[in-house]
Amino acid sequence: MTLDALNYAIAWPEIVLMAMACVVLVVDVFVEEKNRNFSYLLAQLTLLAVFALVATTGEETVIAYNDMFVHDSMAQTLKMFILAITFVVFVYSRDYLKERAIFKGEFYVLALFAVLGMMLMVSAANILMLYLGLELMSLCLYALVAFQRDNGNASEAAMKYFVLGAIASGMLLYGMSILYGLSGSLNIAEIATAIANSNDNRIGMSFALVFILVALAFKLGAVPFHMWVPDVYQGSPTAVTVFLGTAPKLAGFAMIMRLLVEGMGGLVNDWQMMLAILAVLSMATGNIIAIAQTNIKRMLAYSTVSHVGFILLGILSGTAEGYSAAMFYTITYALMSLGGFGMVIMMARAGFEADQLDDYKGLNQRSPWFAFLMMILMLSMAGVPPTVGFWAKLAVLQAVINIDMVWLALVAVFFSIIGVYYYLRMIKLMYFDEAEDQHPIQCGRDMQITLSGNGLLILALGLYPAGLMALCLATFG
Amino acid sequence: MFADWPLLSLTVWLPILGGIAVLLSGDKGDASGVRRLALIISIATFVLSLGLYTGFDITTSDMQFVEKATWISSFNINYHFGVDGLSMPLIILTTFTTILVILAAWESIQKNVAQYLAAFLIMEGLMVGVFAALDAIFFYVFWEGMLVPMFILIGVWGGERRVYATIKFFIYTFIGSVFMLVALIYMYMKGGSFAILDLHVLKLGLDEQLLIFFAFLMAFAVKVPMWPVHTWLPDAHVEAPTGGSVILAAIMLKIGGYGFLRFTLPITPDASSTLDWLIILMSLVAVVYIGFVALAQKDMKKLVAYSSIAHMGFVTLGMFVVFQIWDNPANTDHSGAALAVEGAMIQMISHGFISGAMFLMIGVLYDRMHTREIGAYGGVVHTMPVFAAFAVFFAMSNAGLPGTSGFVGEFMVIIASFKANFWYAFLGATTLILGAAYTLWMVKRVFYGEIANDNVRQLKDINAREFAIMSILAIAVLALGLWPAPVIDVLHASVENLLLHISVSKL
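Residue numbers (the working numbering), protein chains in the order written: chain A, 19 to 495; chain B, 352 to 858.
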C-alpha cells in the first residue's frame with residue numbers, strides 16, 4: 019500500500035503537533051532558565067499553527083489510515099475548540115507557574131501531548147485508536163496533576179487520579195474486548211453493522227456496553243463514578259485544574275459519540291435508561307454537595323459533575339437535536355469552566371491560592387470589572403439568561419422533552435434550582451460582603467485581556483447563540 | 352411624531368445601553384453628573400414610551416408597533432416585540448416609575464451611586480421587554496434577566512437581613528419560572544412555535560392544560576404574589592432600598608398579573624375555567640387574611656407590603672371571576688366579565704402609583720429617622736405638615752377612597768363579582784374596611800398625636816425634590832381616579848378580544 023492510499027494528509031494537524039511537541043521538548047533542554055518564555059511562545063505558536071491547519075481542512079468526511087482515523091465536521095469543530103481553549107489555558111497559567119517556580123518546558127510538552135491524545139480520540143474510527151488517544155491524554159494529565167511535586171495535596175491527587183483512571187481504562191479495555199469478540203472487528207463502523215445484524219447476541223452486547231459505560235462515566239466524572247473529581251480538581255495546581263476541567267471534556271464528549279452513538283447506536287434502548295440514571299444522580303449529587311463546599315475549586319468540581327449530568331441528558335435523547343444540544347452544552351461548559359478557573363488563577367498570587375470562597379469577599383470593591391465577569395460566569399453556570407448557560411440548558415431540555423421524557427426535564431430543572439443557590443452565594447460574597455483581603459489584584463495585561471474576552475464571550479454568546487447552535491446542529495444534521 | 356421609529360426596541364435598549372454608560376462613567380469623584388445622566392436617560396425613555404400611547408389605535412385588539420426579526424433560527428425563536436391594550440399601559444407605568452425612583456435616590460444613596468442607578472436603568476429596559484415580548488422564550492429571557500439587577504440592588508443597598516431576603520427573592524422566583532420554561536418547551540414541541548399568539552390558538556387536551564396551568568401558576572403566583580407563596584415579598588420589601596421597594600411593588604408584581612392575562616387565560620382557558628375556584632379562593636384569602644396580617648404589623652414597610660398582597664388579590668380575583676360570571680344562571684346576559692378584567696387592569700395600574708407613593712413616603716421618613724418602626728414615630732404632622740398632607744392623601748387612596756384611583760379598580764371588580772356570587776363580592780368588599788383600618792391606623796400612629804420624641808421634633812419637612820415626586824404621583828392618582836376613561840378605552844378592545852378567546856373551549 020502506498021502512502022497516498024493511506025490518505026495521510028488528512029492527519030497533518032496531528033503530525034505537526036506531535037513533531038512540534040518533540041521540538042519543544044528538545045529545545046527546552048538548551049534554553050536557559052531566564053529565557054524559559056521561549057518554550058512558552060513556541061508552544062503557543064504550535065497551537066496556533068495546528069489550529070490554522072485544522073481550520074483549513076475541508077468539511078467533508080474523510081476516512082484515512084486504513085479506517086483508523088476519521089475527519090468529519092464534529093472532529094473539526096471539537097479540535098478547533100480544544101486547541102483554542104488550550105491556548106487560553108497557557109495564557110492563564112504562565113504567571114501562576116512562574117510564581118510557584120514550576121514554569122518549566124515539561125508543562126508545555128505534556129500539555130501538547132495531551133492535546134494530541136484528545137485530537138486522536140476525537141478523530142478515532144477504531145476503538146483501539148480511541149483507547150490509545152485516551153491513554154496518551156490520561157498519562158500526560160496524571161503527570162501534570164503531580165507537576166508541583168513538593169506539594170502533598172498534588173501528589174495525593176495524582177495518585178488517586180492515576181489509580182482510578184487505570185481502573186477505568188481497564189474497564190474500557192475489557193468492554194472493548196468483549197465487543198471485539200462478539201463483532202469480530204475493532205472498526206467502529208463495522209461494530210455498528212454487527213450490532214444491527216445481531217439479534218441473538220444482545221446479552222453479550224449489553225455486557226460490553228455496561229463496562230464501556232462505566233469507563234466513560236469514570237472519565238467524565240458522572241455519579242457514582244465521580245469520587246476522583248473534587249480531590250483532583252482541588253489538589254492540582256490551578257493552572258492544571260483549568261486544563262483538566264476544559265479541553266478533556268470535549269474529548270470525552272467525542273469519545274461518547276464515537277463509542278455509544280456511532281458504534282453502539284443500535285443499543286440505544288439499552289444505554290438510554292443507563293444514561294438517564296447517571297444523569298439524574300449526577301445532577302442531584304453535584305448540585306447538593308456543592309452547597310457544602312468552602313473551597314472554590316471543589317465547588318466548581320461538583321458543579322462540573324452536575325453539568326456532566328446535563329450533557330448526558332442531551333446524549334441520551336438519541337436524536338440529532340439531542341447530540342447537537344449536548345455538543346453545544348459541552349462547548350459552552352468548557353468556556354464557562356475556563357473562565358471560572360481562570361478567575362481563580364487571576365486572584366492567586368505567590369504564596370496565596372485564592373481557593374477559598376471567602377477569598378472572594380468584597381471583590382466588587384477591589385475590582386468591579388472582574389467581579390462583574392465572575393458574576394456573568396456564575397449566572398451562566400446557573401443557567402440564567404441572557405448568558406449562554408441558559409441556552410445550553412434550554413437546548414438540552416428541549417431534546418429531552420422531544421422524546422416524551424418530560425419527567426426527566428422536570429427533575430433536571432428541579433436540581434438546577436438547587437444549583438442556583440451556590441452560584442448566587444458566590445455573587446453574594448463578591449457584591450454584598452466587605453473585602454477582608456486588601457491586596458491589589460495583580461496580573462499580566464495578556465491575562466486581563468484574555469479573561470475579559472472569555473467572560474464577555476459568555477455574555478455575547480448568550481445574546482446571540484444562533485451561530486454556535488447552527489454549527490452544532492450542522493454537525494449532526 | 353415618532354410613529355415610524357422602532358419605538359419598542361428603543362424603549363427597551365435605550366435604558367439598558369444608558370445603564371451601561373452610567374456604569375462605565377463610574378463612581379469616581381462627584382456623583383452628581385452620574386445622577387443627571389441617569390435622570391436624562393430615564394426621562395428620554397419615558398418620552399419615547401409616550402409615543403406608544405399617542406400612536407396607539409384603540410379600535411383594534413391586534414398587536415401594534417410590531418417588530419420581528421429572526422434571532423435563533425434553529426429553535427424558531429424570534430426577536431419579536433409588539434403591544435396591545437394590556438401591555439402598553441404597563442410599559443408607560445414602568446418608564447414613569449423609573450424616573451421617580453431615580454429622583455428618590457438623589458440624596459439617600461451615597462454608596463456606589465453609578466452601580467445603583469445603572470441597575471435601575473437596566474432593570475427598566477428588561478421590564479419593558481417583559482411587557483413587549485411576543486415570543487415566549489424572548490419573554491422568558493427578560494423575565495429571568497430582570498431578577499439579576501434586583502438581586503444586586505437588595506443585596507448591596509439593602510438593610511440588615513438583605514442577604515437572606517434577596518436570595519429568598521431570587522430562588523422563589525426562579526423556582527416558579529423554570530417550570531414555566533418546561534411548559535413552554537413542551538408547547539413548542541407540540542406546535543412548533545414559541546410565538547405567544549401561536550400558543551394562544553394551540554390545541555391542548557384538558558390534562559395537558561391542567562399541567563401547563565400549574566406550571567404557569569407557579570411562575571405567576573409567586574410573582575403576584577398570591578397567598579400562600581407570598582412570604583418572600585415582605586422580606587424583600589423590608590430589606591430593599593426605597594427604590595427597590597417601589598419597583599418591586601409598582602412593576603414586578605404587575606408582571607405576575609400580566610402573565611395571567613397573556614399566558615394562563617388564553618393558553619389554558621379550559622383549565623382556568625375548571626380551576627377558577629382555586630384562584631378565587633387564593634385571591635379572597637389574600638384579601639381577607641392578609642388584610643388582617645397587615646393590621647398586626649409594627650414595621651411600616653411590612654405593612655405596605657402586606658397591603659400590596661391584599662390589593663393584588665383583587666387583580667387575580669377580577670381575572671378569574673369571569674368564568675363564574677358566565678356560569679351564573681342568574682346572570683342571564685353574561686354581562687360583567689369585561690368589567691372584571693378591566694377592573695383588574697385598572698387596579699394594577701392604580702396600585703403601581705399608590706404603592707410606589709407609599710414606599711417613597713416611607714423612604715422619606717427613613718432617610719430622616721433611619722427607622723421604619725411605627726412605634727418610633729408620632730406627631731410627625733407638627734414638624735412635617737406638607738408631607739403629612741400627602742401621606743393622608745395616599746393613605747386614603749390606598750384605602751380606596753372614591754375619587755382616587757384606588758377606588759376605581761376595586762369598585763369595578765366588586766361590582767363584577769356580584770354578578771358571579773354575592774359572597775365573593777362580600778368578602779372582597781371587606782378590603783374597604785380592612786384597608787382603611789390598617790392604613791389609617793398607621794397614619795394615625797405615625798402622624799397624629801403628641802410629638803413622640805426629640806428625633807421627631809427635629810424633623811425637617813420635605814424639600815422641593817421630594818415635593819415634586821409626591822405631587823406628580825398625587826396628580827396621577829387623582830387623574831386616574833376621577834377620569835379613568837382614557838385608560839379603559841385603551842384596554843377595552845384587547846379585553847373584549849381576550850374574553851372572546853377564552854369563552855371558546857380549546858377541547
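Glycine is no exception: its CB is placed at the ideal position from the N, C-alpha and C atoms.
Between the CA atoms of residue j and residue i - distance to the nearest angstrom
i	j	result
G495/A	A338/A	6 angstroms
L632/B	E454/A	51 angstroms
I436/A	R816/B	44 angstroms
Q698/B	D586/B	23 angstroms
L130/A	L162/A	11 angstroms
M317/A	A750/B	50 angstroms
W422/B	N463/B	35 angstroms
K519/B	I392/B	31 angstroms
A308/A	I630/B	37 angstroms
L268/A	S342/A	13 angstroms
G859/B	G707/B	Because residue 859/B is not part of the residues shown, which for chain B are 352 to 858, the question remains open.
T410/B	L829/B	26 angstroms
P266/A	M136/A	7 angstroms
L535/B	F738/B	48 angstroms
S300/A	S324/A	5 angstroms
Sequence-distant residues of its chain with Cβ nearer than 8 angstroms to residue i (five each side left out)
i	result
V797/B	M651, L716, I725, Y728, G729, V731 and A742
Q460/A	R367
N682/B	I676, K770 and A771
I823/B	L451
Residues bridged to residue i (per DSSP)
i	result
Q415/B	V434/B
E724/B	D650/B
Q416/A	Partner(s): none; Q416/A has no beta bridge.
D621/B	According to DSSP, which records beta bridges pairwise, D621/B is partnered with nothing at all.
H325/A	BP columns for H325/A are empty, so no partner.
N682/B	Its beta-bridge partners do not exist; DSSP assigns none.
Q466/A	Paired residue(s): none; Q466/A is not in a bridge.
Q374/A	N313/A
A142/A	F87/A
T421/B	N429/B
R276/A	For R276/A, which the question treats as bridged, DSSP gives no partner whatsoever.
A546/B	D486/B
R367/A	F370/A
Chain-order list of residues whose beta-carbon lies under 6 angstroms from that of residue i (same chain, five-residue window excluded)
i	result
L182/A	W246
I488/B	I428 and F545
M444/A	M396
T350/A	V406 and A410
Y482/A	none
Status (buried if at least 16 other CB within 10 Å, exposed otherwise) for residue i
i	result
C17/A	Chain A is shown from 19 up to 495; residue 17/A falls before or after that span and cannot be answered.
M291/A	exposed
G556/B	exposed
S305/B	With chain B covering only 352 through 858, there is no way to say anything about residue 305/B.
Q560/B	buried
V250/A	buried
N305/A	buried
Q252/A	buried
A819/B	exposed
Y26/A	exposed
D113/A	buried
R276/A	buried
Cutoff 7 angstroms; reference residue i; Cβ partners in own chain excluding five residues on either side
i	result
V838/B	P440, I697, I700 and L831
F243/A	V232, A235 and F236
Segments assigned alpha helix (DSSP H), at least 4 residues, entirely inside the stretch 698–751 of chain B: 731–734 and 736–749
Within the stretch 157–207 of chain A, ranges of the beta strand (DSSP E) (whole runs, at least 3 residues): none
Alpha helix (DSSP H) runs wholly inside the stretch 452–509 of chain B, at least 4 long, in chain order: 464–483, 487–496 and 498–508
Continuous beta strand (DSSP E) assignments of at least 3 residues falling wholly in the stretch 29–83 of chain A: 80–82
Runs of alpha helix (DSSP H) lying entirely within the stretch 219–269 of chain A, each at least 4 residues, in chain order: 220–238, 246–253 and 256–262
Ranges of the alpha helix (DSSP H) found wholly within the stretch 410–457 of chain A, counting only runs of at least 4: 424–450
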